[in-house]
Amino acid sequence: MNSGFQGSEELSREKNSVDKVSVLQQQILTLTEEVKSQKELVKLLHKALEAAQQEKRVSSMYLTAAEDKDRLELVRHKVRQIADLTSRLEALEQEKKELEQILTLRDSHIQELKEHVQLLMEKNHAKQEVIMTLTEQMAREPSDPLQEANTITVETLYKQQEEIEHLKDDIDAYKTQNQFLNSEIHQVTRLWTNVAENEKALLMKCACLQARNCQMESKYLTVLRKLQEAVPGLPNSYAELVKNLIQEALQWDVKEEAEEGFNLNPVSEYDEYGFMTVPDYEIEDWKLLAKIQALEIKSNKLRSQEIVEKPLRDRWNSFGELSPSAELKSLIRSGIPVEHRQRVWRWMVSRHCCPVPGHYHRLLEQSRSTEHPACRQIELDLPRTLTNNKHFSSPTSQLIPKLRRVLLAFSWHNPAIGYCQGLNRLAAVALLVLEDEESAFWCLVYIVENLMPADYYSDTLITSQVDQRVFKDFLSDKLPRLMAHFEQYRIDVSLITFNWFLVAFVDSLVSDILLRVWDAFLYEGTKVIFRYALAIFKYNEEEILRIHDSVEIYQYLRFFTRMITDGRKLMNIAFNDLNPFPMKLLRNRRSTHREELEAELCELQQIKAAYVKERAEQGPQDLEEVVSEEEEES
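Residue 292 in the UniProt record's numbering sits at position 292 of the sequence shown; the count goes up by one each step and never skips.
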């Protein structure tokens, strides 16, 4: 206990001595600063005295000068000195400002240091209190230092030293192993990169070979088709050989071909949306034509995959939030990739047609409780919808009930139209892309009520007829040779194009091109239909001009849209070769032709009314005469 108290007294004495020393040191520093300031003051006074003496000497020289010239020289010398002193004064003032800034910074730094010193002093004080507390505890609890020292033996220290050495050896071994593994990983990464690059090059080469193979097979089938046309003039043996070759080409099983390794990426039976890639035509000539067409489409896809499709997909992947812009318009015209199409279509529909929550389900409830007059016609049209698509080809297909509900809901939603043949195809395409039936319903509403002009699907189809007349005007403007050819052979193109406009090319173009047309159609409106309709005729203009028989022209126009295999070429014609195509001109021509058509319909209505009135007056008498004549003959 006494030793503890003695230790605390010694600590307190040391603390007091430290405080006294610090106070004395502070006084020494203060006195040193005062001595420095006194020395500086003496220096300043000495400089002032020298300056006064110098001024006195100059004044004496000025007074003793004999001539004005000498005095003038003295004045000039004085002026130069003044200018020099002024510049020095400015420099000193600038230096003073800089020193003041430095002083301010140092003051702030000193303040920080003081705070830091204060903090350290507080910590030191706290530590001293802890030491005092521990000292008191040690004084209260006596221990045997020798016994504690003996607890750690030399042997334990040696063991710990050995363990440390072993751990150091392990660390060195792990470092060596890590370096080896890093080098191995680097080599493997380099090999993997080389393999990936080689694989990419091989895939590109494979795609080129596949495209070439498709072209060769397409040419082979084209030759067979030419031979098929010439069969009537061939000997029987050759005709039989041609027939067998055609049958073999048509029955070439794609699955067996893939198993044998002839083709790494054959023409699949269906595309991403369920459309048949090779349509199942009943006519033998058309079957061969469909196979040729599928091969050409596949060849075009393979050739454009790296050059066009991949950069386009990269642009879509990097495109941010959807908003109307020239860049988005260009991207949509080029075609929306499958993985982005559903999202972009939903955005385009919601931009102009705000879906009302619960409205679709209320319409469905209404259709369940009350039968719509159009229900029978809808049921008749369901089996005839997209028969070349596996999702609609069978009455038991999953999308058939969804399509029925969408069409019934629209019939109740828009009683002015109800149901019109062609709406089933529009709704079916919307279902294939959007998948959700409510989204497909609003897409149908958007097309009929926002994109298409009013009365496009009315009972009279008056606006549809107007568009056919407008299209003929554009055909005369853009393709005068072709229009003259049609007029020469009395071809009414509206018999072919009316359905194009009514259903936006559904069942007319192959699925890949059709969906690209719809991409632009949903964004830009009906002007796109005019562009693509003209582009289709431009695409096949030379082929049509070579036909000089009206029946053959009509036969060719029945299926010539299915012969279009190069979607990029068609798009370039539609949006580049046919420019300019102002919307104002389209509206003006629609207005003009609508007035003409309404006048014609009004005149026909008057003629019909007069005829009905005349028949009402004469009808019963003529009928009695006919009956009496029949009785006489019997």
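Every residue gets a Cβ at the ideal spot worked out from N, C-alpha and C, and that includes glycine.
- Relative to N572, the option among S334, D455, L328, S458 whose CA is nearest is S334.
- Here the alpha carbons of L461 and D455 stand approximately 6 Å from one another.
- Excluding five sequence positions before and after R425, the CB atoms of its chain that fall closer than 8 Å to its own CB belong to T385, L386, V503, V506, D507, given in chain order.
- Between the alpha carbons of M452 and R615 lies a distance of about 39 Å.
- Two segments are said to touch when three or more pairs of C-beta atoms, one from each, lie closer than 8 Å; by this definition the segment 471-480 does not touch the segment 371-381.
- Within a 10 Å sphere around the beta-carbon of H372 sit 16 or more other beta-carbons, which makes this residue buried.
- For Y273, the secondary structure class from DSSP, reduced to helix, strand or coil, is coil.
- In this chain, the alpha helix (DSSP H) harbouring P311 covers 310-318.
- Below 8 Å, too few C-beta pairs join the segment 523-533 and the segment 557-564 to call them touching: fewer than three.
- I553 and Q465 have their C-alpha atoms spaced approximately 22 Å apart.
- Counting along the chain, no alpha helix (DSSP H) covers T387, and no H or E run does either.
- Between A427 and L444, the C-beta gap is smaller than 8 Å, which places the two residues in contact.
- In this structure H593 is buried. Its beta-carbon is surrounded by 16 or more other beta-carbon atoms within 10 angstroms.
- Within the same chain, Cβ atoms closer than 6 Å to the Cβ of F410 are found at L444, the five residues on either side in sequence being excluded.
- Contact between the segment 528-547 and the segment 565-585 is present: 3 or more CB-CB pairs across the two stretches fall below 8 Å.
- With at least 16 other beta carbons inside 10 angstroms of its own, W442 counts as buried.
- About 5 Å separates the Cβ atoms of L534 and K478, confirming a contact at the 8 Å cut-off.
- Excluding sequence positions up to five before and after Y489, its CB lies within less than 8 Å of the CB of H548, D549, S550, I553, all in the same chain and listed in chain order.
- Inside the segment 41-83, DSSP marks no whole alpha helix (DSSP H) run of 4 or more residues.
- Assignment of G418 by DSSP, reduced to helix, strand and coil, places it in the coil class.
- Minimum Cα-Cα distance from R341 among the listed residues L191, K114, E435 corresponds to E435.
- Excluding five sequence positions before and after P355, the CB atoms of its chain that fall closer than 7 Å to its own CB belong to W442, given in chain order.
- Annotation for V349: the continuous alpha helix (DSSP H) segment containing it runs 338-352.
- By the 16-neighbour rule on beta-carbons within 10 angstroms, C602 is exposed.
- Going by C-alpha positions, Q618 is about 47 Å away from H485.
- For I553, the uninterrupted alpha helix (DSSP H) segment begins and ends at 550-559.
- Collapsing the DSSP output to three states places Q468 in a helix.
- Around the beta-carbon of D519, 16 or more other beta-carbon atoms lie within 10 Å, marking it buried.
- DSSP places V21 within a helical segment (H, G or I) once states are collapsed to three.
- Here D271 is near D512, since their CB atoms are less than 8 Å apart.
- In this structure, the beta-carbon distance from R405 to L364 falls below 8 Å.
- Contact annotation: F581 and R516 have beta-carbon atoms that are not nearer than 8 Å.
- Separation of Y158 and K175 (C-alpha to C-alpha, rounded to the nearest whole angstrom) is 26 Å.
- With respect to the C-alpha of R351, the residue from P480, L63, S323 having the closest C-alpha is S323.
- About 6 Å separates the Cβ atoms of I529 and F501, confirming a contact at the 8 Å cut-off.
- With respect to the 8 Å criterion, Y446 and L423 are not classified as neighbours on the basis of their beta carbons.
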